[in-house]
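Trainee: Each position in the sequence shown, counted from 1, maps to that position plus 63 in this note's numbering.
Here it is, the structure, as structure tokens.
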Amino acid sequence: MTAFLELPTELLCRCLELLDHVSLCACRSVCHELKQTIDADTQCQYTLALAGAGLEDVPISGPGWSTGEKLGAVRRYDRAWRNLEYSSHRTYPSASGGLWELYNGVWGHDVEDGHVFDFIQLPSEIRGIPERRWRVRLDVTPRDFTFDPTHDLLVVVVPHNPNWIPDDDSDSDEEDDNPEPGRVSVHLRTLSDGLRHPHAKTAELEYPSTLNRLLMWSYSIRICGRHLGVYRYSRSGEAELTVWNWIEGKRCLSLWGLNTIKGFMFLDEGKIIVASLVSPNSPKAAVYTYSSLIIYSLSDSAAHLETMMDVDEPAGSVYDTPFLVAIQMPRIPIRNDTRDLQIHSDPSPYVPVDSTSTTPVPFRLNPHDRMLAVHNLLFWEEQPTTKTAMVPFSFIHKCVAESEPGAILDARLWTQTAVHLPEHGRWSVWVCFVYGMRYVHPTVIQDEDGKYYISIADFHEVRRKVARAEQEDSEEKSQMIQPVRLLLPEALQNASNRSMSVMISEDGIVLLSRDLHDRKANIQLIILYVNKVLSVPLELSLYARFERAELVQLAHPLIDARCM
């Protein structure tokens, strides 16, 4: 150790800068001299700050980001999330539409005619992301859509039902006596201009449906790197899940189920999590059954795609499709027809090799720090009962790594791992209420005094330790995380005549507010930022979050000139 400390200061610092945060913390405890050296080195402090905030460095950060500037930005970002302060409020004209999506810091929605989409890149002064707005006009009428800015990818789902004759007087989903098979087209366009995506070998992923009725179906679409999943389900419990390699135009997985499949999430680029109301080994006539998270492999080998993914191949079910592992949850009566199971997590586990396709940023969420929200809805004696459990993705990865293919894990393992949240109502499946290790309650909550507030829980272990250190009277909860309550600004307290859905992104909290009397009119997008306020093109109410020291400094110049 003495010889190491006798190295020239520049060389000593260079050696320390190569260490990770765990090694740096260990070195700081060795001796006073090493601690002083680490505390004085900007790169070492940046490494420690990233780990403490649950972030990772982005090597390609664009011009103008020195290590010192990155360190200052990380500290501001972390403090701003822990000290929520609202400042000003602005409102903008609205645009109506029935489809919207929030993903990776971009908000998108359709306008009234259905062929046009407006997009907003939500700004972040701290991370140097400018506000950007653009419009995309399509030549098809979408049923649903999603997008991925890292690939400049816009996915548009268009169902084709030869049996449906539009009837303005009825919204029922009826079958013909001799129905023809329906089909679904998934269009692959560029997010920037709506043209055919240059990386996709085929402009459309078209496949026949095993189900004849396509009207009134709901969709859930997700992208993870080269994989694209489309899940669609009906009110009668029928569901289909199809996963493609969208670049090659090949199907990787196809599942069908009746009162079984309830949703999906990507575990990583090669695996997918399917939420099922039954376990693969459950007898179909069982009185009780175990809900399960079933993990499937998405093989992209040429032989696998050639032999298994013929376009006319029928979809399999959770009972007969090979899987990696199934994680059982506590059993429930199968006779309960109103039960539901939903899972959610953001962002995608895919991490781009570079950031050339998106706005360069100095740092981003650590992709390994992710939580999966699992929501059960049951009706006992005609009363709804909801249970929300949070499990880290590391737990699911461990189950896959330590289990033989086809293993079914006992529900006791789930019970020992899951962390439960206070009971609340049913989710909206499109609401993005989990981002990384942070969870926001999907709706605003009214307390006993009639005030409305937002509820946030942070499951990041290091950040929770910091929060507990700042609040000496807080108590550790082993199986129950008590979310932090944030009172809404006074201008939003009159929420009794509005429906507010709460979402969370990497740089702030987003509320979609709709008039209860006219759900298509007077839609507001309310953004609670961790930085300055910038204008956006819907009827928007923007609230910025600042630390106390920043409130005076940033009160007047609301528009950052660098982001114009």
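We put the beta carbon where it would ideally sit given N, CA and C, even for glycine.
Run through DSSP, which three-state label would Q556 get?
Mentor: Residue state, collapsed to three classes: coil.
Trainee: Taking 8 Å as the cut-off, does the region 315-324 touch the region 243-261 (at least 3 CB pairs, one atom from each stretch)?
Mentor: Contact between the region 243-261 and the region 315-324 is absent, because fewer than three Cβ pairs lie under 8 Å.
Trainee: Which residues in the same chain have their Cβ closer than 6 Å to the Cβ of S13, if we skip the five residues on either side of it in sequence?
Mentor: Outside the displayed range of the chain (64 to 627) lies residue 13, so it cannot be described from this structure.
Trainee: Let me know if Q479 comes out buried or exposed under the rule of 16 or more other beta-carbons within 10 Å of its beta-carbon.
Mentor: Q479 should be labelled exposed.
Trainee: Below 8 Å between beta carbons: does that hold for L165 and P212?
Mentor: No.
Trainee: Could you give the DSSP three-state label for D207: helix, strand or coil?
Mentor: Strand, per DSSP.
Trainee: Enumerate in chain order the residues of its own chain whose CB-to-CB distance from G499 is below 7 Å, with the five nearest sequence positions on each side excluded.
Mentor: Here the set comprises G117, L428, D432 and R433.
Trainee: Is it buried or exposed, E303, if we count other Cβ atoms within 10 angstroms and call 16 or more buried?
Mentor: Counting Cβ neighbours within 10 Å, E303 comes out buried, since at least 16 surround it.
Trainee: Closer than 8 Å is the cut-off here; do at least three beta carbon pairs connect the region 457-470 with the region 163-178?
Mentor: Because the criterion of three Cβ pairs below 8 Å is not met, the region 457-470 and the region 163-178 do not touch.
Trainee: Here's the rule: buried if 16 or more other CB atoms are within 10 angstroms of the residue's CB, otherwise exposed. What is P222?
Mentor: Buried, by the Cβ-count rule.
Trainee: May I ask which residues mark the beginning and end of the beta strand (DSSP E) holding R190?
Mentor: Run containing R190: none; DSSP gives neither H nor E here.
Trainee: Quick check: the Cα distance between E194 and T422, rounded to an integer number of angstroms?
Mentor: Computed Cα separation, rounded: 10 Å.
Trainee: Tell me whether H431 sits in a helix, a strand or coil according to DSSP, three-state version.
Mentor: Note: H431 maps to coil in three-state DSSP.
Trainee: Using only the heavy atoms of the ligand ADP, determine whether one of them is closer than 7 Å to the beta carbon of F180.
Mentor: Ligands are entirely absent from the displayed structure, and the ligand ADP is therefore not among its contents.
Trainee: Is W144 helix, strand or coil by DSSP?
Mentor: The answer is helix: DSSP assigns W144 an H, G or I state.
Trainee: Using DSSP's beta-bridge definition, name the partner residues of P508.
Mentor: Note that residue 508 is Ile in the sequence shown here, rather than Pro. According to DSSP, which records beta bridges pairwise, I508 is partnered with Y516.
Trainee: The beta strand (DSSP E) that contains Y502, what's its start and end?
Mentor: Note, Y502: beta strand (DSSP E), R501 to V503.
Trainee: Rounded to whole angstroms, what's the CA-CA distance from I286 to H250? Just pull it up for me.
Mentor: Taking the straight line joining both Cα atoms gives about 13 Å.
Trainee: Could you check if V137 is buried or exposed, using at least 16 other CB atoms within 10 Å of its CB as the buried criterion?
Mentor: Label assigned to V137: buried.
Trainee: Give the single residue among S411, T448, S299 and T449 whose Cα lies nearest to the Cα of S634.
Mentor: Coverage of the chain is limited to positions 64 through 627, which leaves residue 634 absent and any answer about it impossible.
Trainee: Going by CA-CA distance only, name the one from W144, V121, Y109 and L70 that's closest to H523.
Mentor: Answer by Cα proximity: W144.
Trainee: On the DSSP bridge assignment, give the partners of V437 in chain order.
Mentor: Answer is I406 and A452.
Trainee: Since W477 is in the alpha helix (DSSP H), which residue starts that stretch and which ends it?
Mentor: That run of the alpha helix (DSSP H) goes A474 to T480.
Trainee: In this structure, does DSSP put F386 in helix, strand or coil?
Mentor: F386: coil per DSSP, three-state reduction.
Trainee: Out of F329, W309, P71 and H407, state which residue places its alpha-carbon closest to the alpha-carbon of L216.
Mentor: Nearest C-alpha to L216: W309.
Trainee: What residue range is occupied by the uninterrupted alpha helix (DSSP H) comprising C80?
Mentor: The sequence given here has Glu at residue 80, not Cys. T72 to E80 is the extent of the alpha helix (DSSP H) around E80.
Trainee: If I follow the unbroken alpha helix (DSSP H) through E96, where does it start and stop?
Mentor: Taken as a continuous stretch (DSSP letters only), the alpha helix (DSSP H) holding E96 covers H95 to A103.
Trainee: For P425 and G131, which I take to be in contact (beta-carbon distance under 8 Å), what is that distance rounded to the nearest angstrom?
Mentor: Not really, about 11 Å apart at Cβ, beyond 8 Å.
Trainee: 8 Å is my cut-off, CB to CB: does P346 come that close to chain C?
Mentor: Checking the listed chains, one finds no chain C in this structure; it contains a single protein chain.
Trainee: Assign K325 to buried or exposed, taking buried as 16 or more other Cβ atoms, counted over all protein chains shown, within 10 Å of its Cβ.
Mentor: Per the 10 Å Cβ criterion, buried.
Trainee: Under 8 Å between the Cβ atoms of H438 and T449?
Mentor: Yes. Within cutoff.
Trainee: Which residues in the same chain have their Cβ closer than 8 Å to the Cβ of L472, if we skip the five residues on either side of it in sequence?
Mentor: These residues qualify, in order along the chain: V388, A389, I390, Q391, C462 and S466.
Trainee: According to DSSP, is F67 helix, strand or coil?
Mentor: Three-state DSSP puts F67 in a helix.
Trainee: Is the separation between the beta-carbon of V220 and that of F210 shorter than 8 Å?
Mentor: No, the pair does not count as a contact, with Cβ atoms beyond the cut-off.
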